[in-house]
Amino acid sequence: MSEKIFKLCFLSRKNEPPAKNIDEVEWEFISESMEEVYGYGGFLYLKIESNENSYIKELHFIAREMEFRIIAMTRDKDKKRELLEWWNPSLREYIGESLFLDDAYDSRMTSNDLEVGKEIFRDFYENSDLMPCNLENFRSQWDPLPH
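Taking this note's numbering, the leading residue of the sequence shown gets 4, the next gets one more, and so forth.
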């Protein structure tokens, strides 16, 4: 079994550009970086460099202060499933749209619970992919949850 190698790229509003790029990143640094991005706003990308067989190749964490979205880039052969968006499993009923940064999104596509976001990223980090219990909450933009 080959060693897992992840690459992290992140920038929070606490720091000036350019974004920080870290090769062979450890979980503790990922967790701390997520906290910073969540608290100040910004982005964080976690990419697996060592596993060409994983379904998920990269996770994106986009945040404004105290709210975030998660996007997964996949290796799916179906072009419509190459980009998957996370839907908050605790919000099943449609309650409308909310403004996130400059765009309107279904409110179920954002969260203010950082621990949920960390759980998803930890799953990806520990398993070199997302387990079905987390992957089932990601959907293609062509297959959103119904209103």
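Cβ coordinates follow ideal geometry from the N, Cα and C atoms, glycine included. It should be emphasised that the depicted structure is a prediction, and the values quoted were computed from it without experimental measurement.
When the five nearest sequence neighbours on each side are left out, the beta carbons in the same chain lying within less than 8 Å of the beta carbon of K60 are those of K50, I51, M76, T77, R78, in order along the chain. Taking the Cα of K80 as reference, the smallest distance to any Cα among N140, S57, I73 is reached at S57. In the three-state reduction of the DSSP assignment, R95 falls in the coil class, being assigned neither a helical nor a strand state.
Between N140 and P92, the C-beta gap is smaller than 7 Å, which places the two residues in contact. R67 and V119 have their alpha carbons spaced roughly 16 Å apart. The C-beta distance from S143 to K83 rounds to 5 Å, short enough to fall under 8 Å. Judged by their CB atoms, H63 and Y48 are nearer to each other than the 7 Å cut-off. The beta carbon of N24 is closer than 6 Å to those of C12 in its chain, skipping five residues each way along the sequence.
Secondary structure of Y108 (DSSP, three-state): strand.
Of the candidates N137, G45, W89, the residue whose Cα lies closest to the Cα of L104 is G45. Per DSSP, the unbroken beta strand (DSSP E) holding L47 starts and ends at 45 to 51. For the set V28, P149, E27, D116, the Cα lying nearest the Cα of R95 is the one of P149.
The beta-bridge partner set that DSSP reports for C136 is empty. With a threshold of 16 other beta carbon atoms within 10 Å, N18 falls short and is exposed. As a beta-bridge residue in DSSP terms, E61 pairs with K50, M76.
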